[in-house]
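Undergrad: Going left to right, the sequence shown walks through residues 5 to 166 as the numbering used here numbers them. Even for Gly, the Cβ is constructed at its ideal location relative to N, Cα and C. Just dropping this structure here.
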Amino acid sequence: MTVARFWRETPRRYNLGGNRCTACQTVYFPPRAVCPTCQQHRQSIGKMEPYTLCGDGEVFSYSVVHEAAEGFEMLAPYVLALIKTPEGPLLTGQVVDVTPEEVQVGLRVRASFRKLREDGRAGVIHYGYKFSPVREKGPREAMASPASQEALARAAARVART
Ligand SMILES: [Zn+2]
5 MTVARFWRET
15 PRRYNLGGNR
25 CTACQTVYFP
35 PRAVCPTCQQ
45 HRQSIGKMEP
55 YTLCGDGEVF
65 SYSVVHEAAE
75 GFEMLAPYVL
85 ALIKTPEGPL
95 LTGQVVDVTP
105 EEVQVGLRVR
115 ASFRKLREDG
125 RAGVIHYGYK
135 FSPVREKGPR
145 EAMASPASQE
155 ALARAAARVA
165 RT
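If you want it as structure tokens, here you go:
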């Protein structure tokens, strides 16, 4: 990728900056010049406004990549997923901070910006978004809550009586 193209792509690489048709509220990422939904009625002309995705999403489908592309050798195996965003668009990206075995459809993730690769010749470091799991309260934390401790105590008492 040339430096010029990299810089042109920077806004959406950094901000998840898409756009929205104010006629039908459909969100697009990457941004569209006109809304395909409204195009035939010409309603979207001049009605597209910038819209930044919140970065939340869940795994819609995924695959484990064992043969990494050039420049990504250090990362294999890695998980490449299609992420369904609450705004509508599907994003493609790597899922990090998780083993391939832990990734499943429906896994909640959040976008973050990471170094993607370094282009030695051009001296350009590419950054982009990747997705990491949103950690829910694990079973251990849930058991530590007063209500469940009480339940555990009652269960223990029942066991003790039998
Ligand atoms: Zn529209």
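Going by C-alpha to C-alpha distance, which of GLY59, VAL99 and GLN29 sits closest to MET52?
TA: Here the closest residue by C-alpha is GLN29.
Undergrad: Examine ligand 1 and report whether any of its heavy atoms sits within less than 7 angstroms of the Cβ of ALA37.
TA: No, Cβ of ALA37 sits at least 7 angstroms from all heavy atoms of ligand 1.
Undergrad: Quick one: any contact between the region 31-48 and the region 61-70, if contact means 3 or more CB pairs under 8 angstroms?
TA: Short answer: they don't touch.
Undergrad: With which residues is ASP101 paired in a DSSP beta bridge?
TA: Paired residue(s): none; ASP101 is not in a bridge.
Undergrad: Please classify LEU79: does DSSP put it in a helix, a strand, or coil?
TA: Helix, per DSSP.
Undergrad: In this structure, does DSSP put GLU106 in helix, strand or coil?
TA: DSSP places GLU106 in helix when its eight states are reduced to three.
Undergrad: As a quick exercise: from ILE87, TYR82 and ASN23, pick the residue whose alpha carbon is nearest that of ASP101.
TA: Measuring from the Cα of ASP101, the nearest candidate turns out to be TYR82.
Undergrad: Taking the alpha carbon of ARG112 as the point to measure from, which residue in ARG139, ALA27, ALA72 and LEU94 has its own alpha carbon closest?
TA: Here the closest residue by C-alpha is ARG139.
Undergrad: Just list the residues that DSSP pairs LEU20 with in beta bridges.
TA: In the DSSP output, where bridge partners are listed per residue, LEU20 has none listed.
Undergrad: Here's a check: name, in chain order, each residue in its chain whose Cβ is nearer than 6 angstroms to the Cβ of GLU91, leaving out the five neighbours to either side.
TA: Contacts found: VAL31 and LEU57.
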